[in-house]
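A.B. asks: Below is a structure I'd like to ask you about.
Residue numbers (the working numbering), protein chains in the order written: chain A, 22 to 473; chain B, 22 to 473.
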């Protein structure tokens, strides 16, 4: 299949062909195009155009493209296809992708689509996979794999592989099982190529094989495969029976999604959204965090009101001018600390005791705080500010920075210990907490130091 | 090689063995352990302990572990090893990993280490790879690959592969070249297994092969391999000569590093840091962004000072109480918008015209803003605030939200157009800009509405 980068010109041309129902030109233009490019093209079409294209082209091109595109768009396209049309697409797909698509269908439609699939083995495999939680190894695995019985000879093994390989897109590993389908090991292609053809699989297989259990979590599978540089991993149940295999391309997707989720959480976006989602989805993903920020802001209003009277004293009014600065510093420091901890937790890179971490954060914040306070006092001079007031502002900022760093460090650790995703603590949540806390500390320290 | 999860107990035991120089126990405990686990263990040891271990264990275990660990730690360990010891480790590594390590050595040490490597071919390959920029395909690729001449018969091809496969950890693809080493295509293992052994490579190879040029950027290689689900890709020069290959495990690392970098930038951390880096590195990564925040904060001080006189009017003082709230909303909204755009740019998912994007952001912000302003006015009632003042605060917040969303949307797009990494605009930079802009708009809108 050839690969293209669809630019706007080609896309417009294709849109024109579609609106003119020029099927001949469409087929010509899209002949032998890689499914990943077809998927990219569909991303650039509206639902009707995409549906038209999918009905027009053969399922062996469109099936994998359908599996690649955004869930939301796919759902809408599938609504325009008949059960039979969907079944045709699914027949072309590996079981893992087929199940991903089926599981998005409404319950009663699922059955109608499955009953239209012609290959009984495919149906059976799909039904099995539908049972697993999508966030586990079972939800990631495909039934397509190459396995041989340990008692075969190398020659028979090659024959067996030939017939199995027909149904498997890529042969990653050849798994070795016993008569009860229990995973015994794997065959290396290298060993197979170099082995005497009369040797038995038993004699040459590698018993040391990595595997995951079918109910292990996605992220754990991703961690294992990326740590040990595995390109495929077999999936077994508690009886060690070989159920399927997971390939690295699906893990790349898990890693990417995980990173995007963390990134969006850090930015205060709760659902997985894309720039082209509709406004309502974007509002749903963004408004809750803004609401949290608003509550925090109202908290500061409440604190600041208590100090209204110092507005009467011109030399103290400056404290109010500095509140956004203090809040911003507290927020920024907290986000920095929490981001480092969240990544450390994700990479298993947090070593050393909590006490050491405490000392380190305090030391670090003291250095940063002193440097920033120095500049602040200098700036105070420029604003012709009372030196005592400047020193008070600088000093309390140092304390605010230390506290914000500690909150940013220990809140994610605490969440993680309680089994809550610590990434939730990197964004607006930690910023909002530190905003209020910062303003609170700032005014009470100033009150104590300046004696008002 | 067996795999373990080192818990603190085992690590303490190993530390004890090291301090007691109990080599026998150490070798026994660490026999046949996977290099990724040895790497994890080294992460938990101090430099002296790690050096001890590396000198003790055989290079075929430690070499890959050395390649896995953090650069900073490796640099320190390498200082404790002789040129000959380092050369022994490098001999065990694939050329890409060997070059990654060598390139970190000081110039004069490089030469001494290379001269101690015994295999001349390995030296030649390493020297070649040292020439490429580490952020390009050339910097990622390894020289180890399996290639066959198009004129060979399948039988000869199998023999050829047998001898080459000895030096290649994993056979991903068999590349087909002509007499001048120009890439012609690839052989599928499946086709090779199923082919008649008298057939020629020429007759069965697949001419349609993906490749990247040696000077293509890392990120472009990652995008291609992950889009097209490739597990290995050959690297060629402008003459189409086959130079090396890149495997998916290196790409997984690129994707992870890229995601971590973006995440850290969004959190206001400029260098790649880990929780256990020393304080100085952490200060260097964090202080510049805090300094930026401080400048922004001083900007708000400057703006707020201009409105000092309204502190004389009790009914207007509330405006000052709301500044942290306004700044926080502006900051949060900007980060949300920019994060969505930055991810969209990274995933090539930004479609539609700039004008549509403008309309959408305004619509979205209007909905969010109205919802939040409604709550704000209600809260104003609770604070016994003048209704006109509440409405003014709510109204200007809506405008601030719209402007902040537009800044968050269009600054990254602009940076991207100018070839600057837009991720830089997600963190403190956009927050700081929006903080000041928000406070500025807030007070001037209030001034206009309330006529002070």
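Even glycine gets a Cβ: it sits at the ideal position worked out from N, Cα and C.
No experiment lies behind these values; they were computed from the predicted model shown.
Anyone know if the C-beta pair for residue 444 of chain A and residue 283 of chain A falls short of 8 Å?
C.D. replies: By one-based count along the first chain, residue 444 of chain A stands at place 423. By one-based count along the first chain, residue 283 of chain A stands at place 262. Yes; because the gap between Cβ atoms is below 8 Å, this pair is in contact.
A.B. asks: Look up residue 80 of chain B in the DSSP assignment and give the residues it is bridged to.
C.D. replies: Against the second chain, residue 80 of chain B aligns to sequence position 59. Its beta-bridge partners do not exist; DSSP assigns none.
A.B. asks: Could I get the ranges of all uninterrupted beta strand (DSSP E) runs contained in the segment 230 to 261 of chain A, with 3 residues as the minimum, in chain order?
C.D. replies: Here the runs fully enclosed are 253 to 257.
A.B. asks: Inspect the beta-carbon positions of residue 423 of chain B and residue 300 of chain A and report whether they are closer than 8 Å.
C.D. replies: Taking the second chain and counting its residues from 1, one reaches residue 423 of chain B at position 402. Taking the first chain and counting its residues from 1, one reaches residue 300 of chain A at position 279. For residue 423 of chain B and residue 300 of chain A, no; Cβs fall outside 8 Å.
A.B. asks: Extract the residue ranges of the alpha helix (DSSP H) inside the segment 174 to 224 of chain B, only unbroken runs of 4 or more that lie entirely within it.
C.D. replies: Runs found: 175 to 186 and 210 to 215.
A.B. asks: May I have the straight-line CA-CA distance separating residue 142 of chain B from residue 263 of chain B, to the nearest angstrom?
C.D. replies: Within the second chain, numbered from 1, the residue matching residue 142 of chain B stands at position 121. Within the second chain, numbered from 1, the residue matching residue 263 of chain B stands at position 242. Whole-angstrom Cα-Cα distance: 17 Å.
A.B. asks: Between the beta-carbon of residue 38 of chain A and the beta-carbon of residue 61 of chain A, is there less than 8 Å?
C.D. replies: On the first chain, position 17 is the one that residue 38 of chain A refers to. On the first chain, position 40 is the one that residue 61 of chain A refers to. No, these two residues do not count as a Cβ contact at 8 Å.
A.B. asks: Taking 8 Å as the threshold, find out whether the segment 309 to 324 of chain A comes into contact with the segment 316 to 334 of chain B through three or more Cβ pairs.
C.D. replies: The segment 309 to 324 of chain A is not in contact with the segment 316 to 334 of chain B.
A.B. asks: Compare the beta carbon distance of residue 138 of chain B and residue 108 of chain B with 8 Å and say whether it is the shorter of the two.
C.D. replies: For the purposes of this step, residue 138 of chain B is taken as residue 117 along the second chain, with counting starting at 1. For the purposes of this step, residue 108 of chain B is taken as residue 87 along the second chain, with counting starting at 1. Yes, the Cβ-Cβ distance between residue 138 of chain B and residue 108 of chain B is below 8 Å.
A.B. asks: Taking DSSP as the reference, what is the three-state secondary structure of residue 116 of chain A?
C.D. replies: Position 95 of the first chain, counted from the start, is the residue given in the question as residue 116 of chain A. Note: residue 116 of chain A maps to helix in three-state DSSP.
A.B. asks: Using a Cβ cut-off of 8 Å, pull out every chain A residue sitting near residue 84 of chain B, in sequence order please.
C.D. replies: On the second chain, residue 84 of chain B is found 63 positions in, with the first residue counted as 1. None at all; the shortest Cβ gap to chain A is about 14 Å.
A.B. asks: Compute the Euclidean distance between the alpha carbons of residue 134 of chain B and residue 126 of chain B, then round it to the nearest angstrom.
C.D. replies: One-based indexing of the second chain puts residue 134 of chain B at position 113. One-based indexing of the second chain puts residue 126 of chain B at position 105. Going from the Cα of residue 134 of chain B to the Cα of residue 126 of chain B covers about 9 Å.
A.B. asks: Tell me which residue opens and which closes the alpha helix (DSSP H) that residue 302 of chain A is part of.
C.D. replies: As a first step, residue 302 of chain A is located in the first chain; it is residue number 281 there, counting from the start. Counting along the chain, the alpha helix (DSSP H) containing residue 302 of chain A begins and ends at 300 to 326.
A.B. asks: Specify the secondary structure class of residue 267 of chain B as computed by DSSP and reduced to three states.
C.D. replies: For the purposes of this step, residue 267 of chain B is taken as the residue at position 246 of the second chain. Strand, per DSSP.
A.B. asks: Report all residues from its chain with a CB closer than 7 Å to the CB of residue 406 of chain A; omit the five preceding and five following residues, and keep chain order.
C.D. replies: Locating residue 406 of chain A in the first chain gives position 385, counting from the first residue. So the qualifying residues of the chain are 339.
A.B. asks: Quick one, are the C-beta atoms of residue 194 of chain B and residue 253 of chain B less than 8 Å apart?
C.D. replies: Sequence index remark: in the second chain, residue 194 of chain B carries index 173 (1-based). Sequence index remark: in the second chain, residue 253 of chain B carries index 232 (1-based). Yes; because the gap between Cβ atoms is below 8 Å, this pair is in contact.
A.B. asks: Out of A:329, A:166, A:382 and A:280, state which residue places its alpha-carbon closest to the alpha-carbon of residue 256 of chain A.
C.D. replies: Indexing the first chain from 1 puts residue 256 of chain A at position 235. Comparing Cα positions, the closest option is A:166.
A.B. asks: Between which two residues does the beta strand (DSSP E) holding residue 168 of chain B run?
C.D. replies: Position 147 of the second chain, counting from 1, holds the residue named residue 168 of chain B. First-last of the beta strand (DSSP E) with residue 168 of chain B: 167 to 170.
A.B. asks: At the 8 Å Cβ level, is residue 250 of chain A part of the contact set with chain B, yes or no?
C.D. replies: Counting from one through the first chain, the residue named residue 250 of chain A turns up at place 229. Yes, contact with chain B.
A.B. asks: Determine the contact status of residue 271 of chain B and residue 151 of chain B, defining contact as a CB-CB distance below 8 Å.
C.D. replies: As a working note, residue 271 of chain B is residue 250 in the second chain. As a working note, residue 151 of chain B is residue 130 in the second chain. No; because the gap between Cβ atoms is not below 8 Å, this pair is not in contact.
A.B. asks: Going by the C-beta, is residue 303 of chain A closer than 7 Å to any heavy atom of the ligand GDP?
C.D. replies: Only the bare structure without any ligand can be found here, which leaves the ligand GDP out of the picture.
A.B. asks: Using a beta-carbon distance below 8 Å, is residue 80 of chain B in contact with chain A?
C.D. replies: Sequence index remark: in the second chain, residue 80 of chain B carries index 59 (1-based). Chain A, which has no Cβ nearer than 8 Å to the Cβ of residue 80 of chain B, makes this no.
A.B. asks: How far does the alpha helix (DSSP H) with residue 401 of chain B in it reach, from first residue to last?
C.D. replies: Here residue 401 of chain B is taken as the residue at index 380 of the second chain, counted from 1. Note, residue 401 of chain B: alpha helix (DSSP H), 375 to 403.
A.B. asks: Taking C-beta pairs closer than 8 Å, name the residues in chain B that residue 92 of chain A reaches, listed in chain order.
C.D. replies: Position 71 of the first chain, counted from the start, is the residue given in the question as residue 92 of chain A. Near residue 92 of chain A there are no residues of chain B at all, since even the closest Cβ is about 13 Å away, more than 8 Å.
A.B. asks: Specify, as a first and last residue, the run of the alpha helix (DSSP H) that residue 452 of chain A falls within.
C.D. replies: Reading the first chain from its first residue, position 431 is the one you call residue 452 of chain A. Residues 449 to 471.
A.B. asks: Out of curiosity, what's the CA-to-CA distance linking residue 140 of chain A and residue 155 of chain A?
C.D. replies: Against the first chain, residue 140 of chain A aligns to sequence position 119. Against the first chain, residue 155 of chain A aligns to sequence position 134. Spanning the two alpha carbons is a distance of roughly 23 Å.
A.B. asks: Could you tell me which residues DSSP pairs with residue 157 of chain B in its beta bridges?
C.D. replies: Position 136 of the second chain, counted from the start, is the residue given in the question as residue 157 of chain B. The partner list for residue 157 of chain B (beta bridge, DSSP) reads B:238.
A.B. asks: For residue 273 of chain B, which residues in chain A fall below 7 Å Cβ to Cβ?
C.D. replies: Mapped onto the second chain, residue 273 of chain B falls at position 252. Within chain A, the residues near residue 273 of chain B are 247, 273 and 276.
A.B. asks: When we look at the beta-carbon of residue 386 of chain A and count the other beta-carbons within 10 Å, is it buried (16 or more) or exposed?
C.D. replies: Numbered from its first residue, the first chain carries residue 386 of chain A at position 365. It counts as buried.
A.B. asks: Within 8 Å of any Cβ in chain B, is that where the Cβ of residue 65 of chain A sits?
C.D. replies: In the first chain, counting from the first residue as 1, residue 65 of chain A sits at position 44. Yes - at least one Cβ of chain B is within 8 Å of the one on residue 65 of chain A.
A.B. asks: Pair every Cβ in the segment 371 to 381 of chain B with every Cβ in the segment 350 to 360 of chain A, then say whether three or more of these pairs are closer than 8 Å.
C.D. replies: Contact between the segment 371 to 381 of chain B and the segment 350 to 360 of chain A is absent, because fewer than three Cβ pairs lie under 8 Å.
A.B. asks: Can you pull the chain B neighbours of residue 345 of chain A, defined as C-beta to C-beta under 7 Å?
C.D. replies: To locate residue 345 of chain A, count along the first chain from 1; it is residue 324. Here the neighbours are 318, 321, 344, 345, 348, 456 and 460.
A.B. asks: Short of 7 Å Cβ to Cβ, which residues in the segment 110 to 136 of chain A face chain B?
C.D. replies: Under the 7 Å Cβ criterion, the segment 110 to 136 of chain A contributes no residue.
A.B. asks: Is DSSP giving residue 409 of chain A helix, strand or coil here?
C.D. replies: Taking the first residue of the first chain as 1, we reach residue 409 of chain A at position 388. Residue 409 of chain A: helix per DSSP, three-state reduction.
A.B. asks: Do the segment 96 to 110 of chain A and the segment 63 to 74 of chain A touch if we need at least three Cβ pairs shorter than 8 Å?
C.D. replies: Enough Cβ pairs lie closer than 8 Å, so yes.
A.B. asks: Do the CB positions of residue 289 of chain B and residue 236 of chain B come within less than 8 Å of each other?
C.D. replies: By one-based count along the second chain, residue 289 of chain B stands at place 268. By one-based count along the second chain, residue 236 of chain B stands at place 215. Their beta carbons are not under 8 Å apart, which means residue 289 of chain B does not touch residue 236 of chain B by this criterion.
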